[in-house]
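Heads up: the protein sequence lines correspond to chains A and B, in order.
Numbered by the numbering used here, the letters in the first sequence go through residues 29 to 155 in order.
Numbered by the numbering used here, the letters in the second sequence go through residues 17 to 299 in order.
All residues carry an ideal CB built from backbone N, CA and C; glycine is no exception.
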Amino acid sequence: MYDAGKIILGIAIFLVLITFPFWFTLALGNPDYQPDPELPAGQVQCVESKEYMIHWHMDLLNQWRDSVVRDGNRMYVSREYGDRHEMSLTRTCMRCHESRERFCDRCHDYTAVDPYCWDCHVEPKGE
Amino acid sequence: MDESRRNFLKIAGCSAMGVAWGVPVLRAVGQALEAEPAPGALTGKRWALAMDIQKCMRPDVMRACQQVCHRLHNVPKIDDPEEEVKWIWSEKYDNVFPNKVHKFTSDSLKGRPVLVLCNHCERPSCVRVCPTQATWKREDGVVMMDMHRCIGCRYCIVACPYGSRSFNWSDPRPNIKPDIDPEFPTRSQGVVEKCNLCAERLAKGLGPACVDAANQVAGEGAMYFGDLGDPNSEIVRVLRSRHSMQRRPALGTEPHVFYLVSTSKRSELKQKPNDFVVPVLEE
Numbered sequence: 029m030y031d032a033g034k035i036i037l038g039i040a041i042f043l044v045l046i047t048f049p050f051w052f053t054l055a056l057g058n059p060d061y062q063p064d065p066e067l068p069a070g071q072v073q074c075v076e077s078k079e080y081m082i083h084w085h086m087d088l089l090n091q092w093r094d095s096v097v098r099d100g101n102r103m104y105v106s107r108e109y110g111d112r113h114e115m116s117l118t119r120t121c122m123r124c125h126e127s128r129e130r131f132c133d134r135c136h137d138y139t140a141v142d143p144y145c146w147d148c149h150v151e152p153k154g155e
Numbered sequence: 017m018d019e020s021r022r023n024f025l026k027i028a029g030c031s032a033m034g035v036a037w038g039v040p041v042l043r044a045v046g047q048a049l050e051a052e053p054a055p056g057a058l059t060g061k062r063w064a065l066a067m068d069i070q071k072c073m074r075p076d077v078m079r080a081c082q083q084v085c086h087r088l089h090n091v092p093k094i095d096d097p098e099e100e101v102k103w104i105w106s107e108k109y110d111n112v113f114p115n116k117v118h119k120f121t122s123d124s125l126k127g128r129p130v131l132v133l134c135n136h137c138e139r140p141s142c143v144r145v146c147p148t149q150a151t152w153k154r155e156d157g158v159v160m161m162d163m164h165r166c167i168g169c170r171y172c173i174v175a176c177p178y179g180s181r182s183f184n185w186s187d188p189r190p191n192i193k194p195d196i197d198p199e200f201p202t203r204s205q206g207v208v209e210k211c212n213l214c215a216e217r218l219a220k221g222l223g224p225a226c227v228d229a230a231n232q233v234a235g236e237g238a239m240y241f242g243d244l245g246d247p248n249s250e251i252v253r254v255l256r257s258r259h260s261m262q263r264r265p266a267l268g269t270e271p272h273v274f275y276l277v278s279t280s281k282r283s284e285l286k287q288k289p290n291d292f293v294v295p296v297l298e299e
């Protein structure tokens with residue numbers, strides 16, 4: 029191999045730079061940090077189980093959107109509990125989860141996702 | 017093909033892996049949503065609206081209709097006519113019915129403002145041109161917008177012969193006055209919007225807000241809303257018994273906003289000979 033030293037050095041620098049977020053967090057950050065969305069006080073359950081909501085809320089919201097806007101069906105029948113809810117971000121989700129900052133954004137900021145819900149849907153005042 | 021035990025095992029293994037990966041994902045995502053219409057929602061075969069053209073010319077009626085509609089749907093108020101957004105507004109009779117005006121058209125119509133809104137056409141040209149199916153015609157005839165899908169290409173604005181569609185050139189929120197109604201979403205910059213025939217109210221068992229407002233201000237009979245698929249509905253009876261017009265019917269879009277015209281009485285004819293109208297024979 030020609031210029032082995034330079035190439036290996038180049039690869040090493042490249043690896044150091046590309047893994048920067050990992051070792052920087054390990055060295056200086058708080059690797060045990062877990063986002064802590066604030067759950068509504070006095071509520072026992074969401075429209076589905078907690079595990080389901082954590083993993084699939086984005087798909088559920090997309091299905092709600094399509095059902096309401098495209099099919100005109102506005103009532104959701106819970107798979108887990110069998111009860112009915114209006115499919116509405118503002119009138120159902122945010123009635124309990126009153127604050128976007130203290131609920132939605134806690135995880136979304138952590139995972140660097142930026143859903144565009146609030147461009148149009150009006151977020152509750154929070155208090 | 018050379019079928020060996022080795023190849024068979026390879027394919028079987030890959031298939032098993034695919035199923036093992038796919039099943040939980042499909043179970044979670046692909047489950048059909050159990051959804052139903054809201055209790056008490058209005059259902060119809062073909063919604064339509066009819067308005068008494070003269071009664072709806074009254075400025076207080078037009079103001080009431082626009083105010084209630086635009087407040088309810090968070091329509092921004094932008095004075096610049098190049099950027100304005102409107103769901104229901106007024107146009108000169110001559111422009112609304114360009115083929116229904118001539119030298120001797122009655123002064124009670126010519127040059128007067130007529131209330132206009134999306135016609136919820138049977139063959140909507142906006143729907144034909146929409147590249148993302150962000151606008152489409154519902155089973156019950158409402159021409160709907162899915163703001164989530166609109167990419168702001170504005171083909172529909174060009175296609176609509178009635179000017180029923182407005183584009184959001186800027187973030188509409190600062191121009192929503194007096195304040196934003198949290199019950200209804202606003203729009204974002206870069207999408208097209210128009211009248212949705214109060215689809216959100218139909219889902220609650222209510223008719224369009226403009227119909228209620230017009231009938232409240234001008235008395236019953238200013239506007240009718242109903243199902244053309246029901247031969248006994250009030251709107252069908254009204255359309256059968258009175259003279260009505262559609263906007264530019266020759267275009268073939270088949271508008272479902274009808275304009276009811278009152279024929280002049282003979283006594284009025286005597287006072288204003290210029291308003292010549294062929295007398296209607298008594299039944």
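Closer than 9 angstroms to chain B by CB, residue i
| i | result |
| --- | --- |
| residue 138 of chain A | no |
| residue 142 of chain A | no |
| residue 85 of chain A | no |
| residue 75 of chain A | no |
| residue 115 of chain A | yes |
| residue 91 of chain A | yes |
| residue 95 of chain A | yes |
| residue 123 of chain A | no |
| residue 120 of chain A | no |
| residue 111 of chain A | no |
| residue 81 of chain A | no |
| residue 72 of chain A | no |
| residue 132 of chain A | no |
| residue 25 of chain A | It is not possible to answer for residue 25 of chain A, since the shown part of chain A is limited to 29 through 155. |
| residue 107 of chain A | yes |
| residue 68 of chain A | no |
| residue 147 of chain A | yes |
Spatial distance of residue i from residue j (CA atoms)
| i | j | result |
| --- | --- | --- |
| residue 285 of chain B | residue 277 of chain B | Summary for residue 285 of chain B: the model assigns pLDDT 48, below 50, so the residue's position carries little reliability; its value from the coordinates is reported in the next sentence. Taking the straight line joining both Cα atoms gives about 16 angstroms. |
| residue 58 of chain A | residue 71 of chain A | 31 angstroms |
| residue 242 of chain B | residue 250 of chain B | 7 angstroms |
| residue 253 of chain B | residue 274 of chain B | 13 angstroms |
| residue 51 of chain B | residue 109 of chain A | 14 angstroms |
| residue 264 of chain B | residue 180 of chain B | 14 angstroms |
| residue 101 of chain A | residue 59 of chain B | 12 angstroms |
| residue 205 of chain B | residue 186 of chain B | 5 angstroms |
| residue 104 of chain A | residue 84 of chain A | 15 angstroms |
| residue 287 of chain B | residue 132 of chain B | Model confidence at residue 287 of chain B stands at a pLDDT of 49, short of 50, so the residue's coordinates are unreliable and nothing is read from them. |
| residue 87 of chain B | residue 196 of chain B | 8 angstroms |
| residue 189 of chain B | residue 227 of chain B | 26 angstroms |
| residue 44 of chain A | residue 32 of chain A | 18 angstroms |
| residue 125 of chain A | residue 86 of chain A | 15 angstroms |
| residue 12 of chain B | residue 144 of chain A | It is not possible to answer for residue 12 of chain B, since the shown part of chain B is limited to 17 through 299. |
| residue 23 of chain B | residue 31 of chain B | 12 angstroms |
| residue 200 of chain B | residue 210 of chain B | 14 angstroms |
| residue 120 of chain B | residue 90 of chain A | 56 angstroms |
| residue 217 of chain B | residue 89 of chain B | 11 angstroms |
| residue 225 of chain B | residue 194 of chain B | 18 angstroms |
Beta-carbon contacts of residue i that lie in its chain and below 7 angstroms, excluding the five residues immediately before and after
| i | result |
| --- | --- |
| residue 110 of chain B | 117, 126 and 127 |
| residue 92 of chain A | 104 and 115 |
8 angstroms Cβ shell around residue i - same chain, five flanking residues per side excluded
| i | result |
| --- | --- |
| residue 144 of chain B | 175 |
| residue 30 of chain A | none |
| residue 150 of chain A | 118 |
| residue 113 of chain A | 75, 103, 104, 106 and 120 |
| residue 95 of chain A | 101, 102, 104 and 115 |
Start-to-end residues for the beta strand (DSSP E) that takes in residue i
| i | result |
| --- | --- |
| residue 34 of chain A | First-last for residue 34 of chain A: 32-46, but that is the alpha helix (DSSP H), not the beta strand (DSSP E). |
| residue 240 of chain B | 239-243 |
| residue 107 of chain B | 104-108 |
| residue 113 of chain A | 112-114 |
| residue 273 of chain B | 273-276 |
| residue 104 of chain A | 103-105 |
Any C-beta of chain A under 9 angstroms from that of residue i
| i | result |
| --- | --- |
| residue 202 of chain B | yes |
| residue 198 of chain B | yes |
| residue 185 of chain B | no |
Same chain only: Cβ atoms within 6 angstroms of residue i, ignoring 5 sequence neighbours per side
| i | result |
| --- | --- |
| residue 223 of chain B | 241 |
| residue 271 of chain B | 135, 137, 262 and 263 |
| residue 128 of chain A | 151 |
| residue 138 of chain A | 63 |
| residue 56 of chain B | 221 |
| residue 92 of chain B | 101, 188, 191 and 192 |
| residue 65 of chain B | 241 and 273 |
| residue 142 of chain B | 151, 172, 175 and 176 |
Any chain D beta carbon closer than 9 angstroms to residue i
| i | result |
| --- | --- |
| residue 152 of chain B | In the structure shown, chain D does not exist; the protein chains are A and B. |
Delimiting residues of the alpha helix (DSSP H) encompassing residue i
| i | result |
| --- | --- |
| residue 133 of chain B | Note, residue 133 of chain B: premise wrong, no alpha helix (DSSP H); beta strand (DSSP E) at 129-133. |
| residue 145 of chain B | 141-145 |
| residue 78 of chain A | 78-94 |
Against chain A: residues of the segment 158-174 of chain B by CB proximity under 8 angstroms: 160, 162, 163 and 164
Where the segment 211-231 of chain B meets chain A: residues whose CB sits under 8 angstroms from a CB there: 215 and 219
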